[in-house]
Amino acid sequence: FSSDSVERFLIKMESDNGKGLILAVASSVFIGSSFILKKKGLKRAAANGTRAGYGGYTYLLEPLWWAGMITMIVGEAANFVAYIYAPAVLVTPLGALSIIISAILAHFLLKEKLKKMGVLGCVSCIVGSVVIVIHAPKEQTPNSVQEIWNLATQPAFLVYVAITMSIVLALILHFEPLCGQSNILVYIGICSLMGALTVMSIKAIGIAIKLTMEGVSQIGYPQTWLFLMVAVTCVVTQLIYLNKVSFDKNRTGNADLVFGSSESVRWYESRKSTNEEHLISLYSPEY
């Protein structure tokens, strides 16, 4: 990388983007570890009862699964705060680091062999994350959640949401009973598509919290609570279907990252192209 890129990176580290970057990296460490703990808990539970993929809930009695869940909650909390300080297009792709952690731990603890293509994929994740960090836009906080709501109700974004939800419903109602246990794309598709909507709602909630802490209360806005309901619904849906995945964690994590990051970037681009004037308050023109 050039000296200008390094200098730009150092400047970002001292800004809000830098805070978001550190939190996103910490989040990836916790989340990557949680995948392994939850998988081991699911395997133990499956040995004593019905597997989660077939509707069993014995994993709820497994301490190791709960250890993984708590670790994931800590990681997601750090990820949540990262969205307050940094744009989604920066935070979401940094989830690639959780893949590195998960792949290494899965190799040693779950005996899931990491092949040469897997190593190449991990290296690609690292390179891609560095590029995203260096060229991520500098974000400016909007004046209210109402501004985010105006963006979320633009026709282009509403069409995107409608298409996303239609695909999710098709996956849940038709493809999940048909080939959910034989095709990794079914459950990962559900989680990743819902994850794109989670990013939007979490970002809105994060900005609302930040503005409220700065003295501009957002609690009275009904949009704040609507974004909260969307976030909770999406997160619960993701947890339910992620627990049903019976494939190895290297494949699951990588696929989830690719689809989730792609959808988040597509969400960002759709908002950017929808109404450039509104987006000036969220993202600087340098992007």
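Counting in our numbering, the sequence shown runs from 12 upward without gaps. We put the beta carbon where it would ideally sit given N, CA and C, even for glycine. Just so it is clear, the structure is predicted and the values come from calculations on it, not from any experiment.
Quiz item: What distance in whole Å lies between the Cβ atoms of Gly-52 and Gly-79, which are believed to be in contact at a cut-off of 8 Å?
Solution: If you number the sequence shown from 1, residue 79 lands on position 68. If you number the sequence shown from 1, residue 52 lands on position 41. Right, the Cβ-Cβ distance comes to about 6 Å (below 8 Å), so this counts as a contact.
Practice problem: Could you name each continuous alpha helix (DSSP H) segment of 4 residues or more that falls completely within the region 132-166, going from the start of the chain to the end? | Solution: Segments of the alpha helix (DSSP H) lying fully in the region 132-166: 156-163.
Quiz prompt | beta strand (DSSP E) runs wholly inside the region 170-196, at least 3 long, in chain order | solution = The qualifying runs do not exist here; there are none.
Quiz item: What is the residue span of the alpha helix (DSSP H) that Cys-54 lies within?
Solution: Mapped onto the sequence shown, residue 54 falls at position 43. It is worth fixing the name first, because residue 54 is Lys in this sequence and not Cys. It spans 27-59 - the alpha helix (DSSP H) in which Lys-54 sits, taken as one unbroken run.
Practice problem: Would you kindly work out how many angstroms separate the C-alpha atoms of Pro-104 and Val-227, rounded to a whole number? | Solution: If you number the sequence shown from 1, residue 104 lands on position 93. If you number the sequence shown from 1, residue 227 lands on position 216. Rounded to the nearest angstrom, the two C-alpha atoms are 30 Å apart.
Quiz item: Of the choices Gly-132, Lys-50, Val-170, whose alpha-carbon is the least far from that of Ala-117?
Solution: Counting from 1 along the sequence shown, the entry for residue 117 is found at position 106. Taking only the C-alpha atoms, the option nearest Ala-117 is Lys-50.
Practice problem: With Ser-113 as the anchor, note down where its alpha helix (DSSP H) starts and where it stops. | Solution: Start at 1 with the first residue of the sequence shown, and residue 113 comes out as number 102. Note, Ser-113: alpha helix (DSSP H), 107-120.
Practice problem: Return the CA-CA distance between Asn-28 and Ala-97, expressed in angstroms with no decimal places. | Solution: The residue you call residue 28 lines up with position 17 of the sequence shown. The residue you call residue 97 lines up with position 86 of the sequence shown. Each residue's Cα considered, the two are about 5 Å apart.
Quiz prompt | Alpha-carbon to alpha-carbon, Lys-122 and Thr-235 | solution = As a first step, residue 235 is located in the sequence shown; it is residue number 224 there, counting from the start. As a first step, residue 122 is located in the sequence shown; it is residue number 111 there, counting from the start. Approximately 44 Å between the Cα atoms of the pair.
Quiz item: Excluding the five sequence neighbours on either side, which residues of its own chain have a C-beta within less than 6 Å of the C-beta of Leu-34, listed in chain order?
Solution: Translated into positions along the sequence shown, residue 34 becomes position 23. The beta carbon of Leu-34 sits closer than 6 Å to those of Ala-89, Val-92, Ala-93, all from its chain and outside the five residues before and after it, given in chain order.
Quiz item: From Val-246 to Ile-143, what distance separates their C-alpha atoms?
Solution: On the sequence shown, residue 246 is found 235 positions in, with the first residue counted as 1. On the sequence shown, residue 143 is found 132 positions in, with the first residue counted as 1. Roughly 25 Å separates the two Cα atoms.
Quiz item: Taking contact to mean at least 3 C-beta pairs separated by less than 8 Å, is the region 167-180 in contact with the region 129-139?
Solution: They do not touch, by the three-pair rule.
Exercise. Specify, as a first and last residue, the run of the alpha helix (DSSP H) that Leu-250 falls within.
Key: Along the sequence shown, one-based indexing puts residue 250 at 239. For Leu-250, the uninterrupted alpha helix (DSSP H) segment begins and ends at 233-253.
Quiz item: Measuring from the CB of Leu-53, is there a heavy atom of the ligand FMN at a distance below 7 Å?
Solution: You won't find the ligand FMN in this model; it holds no ligand whatsoever.
Exercise. Give me the Cα-Cα distance between Ser-155 and Ala-219, rounded to the nearest whole angstrom.
Key: Residue 155 sits at position 144 when you count from the first residue of the sequence shown. Residue 219 sits at position 208 when you count from the first residue of the sequence shown. One C-alpha to the other measures close to 7 Å.
Practice problem: Compute the Euclidean distance between the alpha carbons of Asp-57 and Tyr-70, then round it to the nearest angstrom. | Solution: As a working mapping, residue 57 is identified with position 46 in the sequence shown. As a working mapping, residue 70 is identified with position 59 in the sequence shown. In the sequence as presented, Asp is not what sits at residue 57; that position holds Ala. In a straight line, the C-alpha of Ala-57 is about 7 Å away from that of Tyr-70.
Exercise. Have a look at Met-240, Ala-181, Gly-60 and flag the residue whose alpha-carbon is nearest the alpha-carbon of Ala-215.
Key: Along the sequence shown, read from residue 1 onward, the residue named residue 215 stands at position 204. Considering only alpha carbons, the answer is Met-240.
Quiz prompt | Cutoff 7 Å; reference Leu-48; Cβ partners in own chain excluding five residues on either side | solution = As a working mapping, residue 48 is identified with position 37 in the sequence shown. Around Leu-48: Leu-75, Ala-78, Gly-79, Thr-82.
Quiz item: If you draw a straight line from the alpha carbon of Met-128 to that of Ile-42, how long is it in whole angstroms?
Solution: As a first step, residue 128 must be located in the sequence shown, where it is residue number 117. As a first step, residue 42 must be located in the sequence shown, where it is residue number 31. Computed Cα separation, rounded: 23 Å.
Quiz item: Which whole-angstrom value is the C-beta distance of Val-40 and Ile-112, which I expect to be below 8 Å?
Solution: Mapped onto the sequence shown, residue 40 falls at position 29. Mapped onto the sequence shown, residue 112 falls at position 101. About 6 Å separates the two Cβ atoms, so the contact holds.
Quiz item: Considering only residues of the same chain and omitting the five flanking positions on each side of Leu-253, which have a CB-CB separation below 6 Å?
Solution: Position 242 of the sequence shown, counted from the start, is the residue given in the question as residue 253. These residues qualify, in order along the chain: Cys-202.
Quiz item: If you draw a straight line from the C-alpha of Gln-249 to the C-alpha of Ile-199, how long is it?
Solution: As a working note, residue 249 is residue 238 in the sequence shown. As a working note, residue 199 is residue 188 in the sequence shown. Whole-angstrom Cα-Cα distance: 9 Å.
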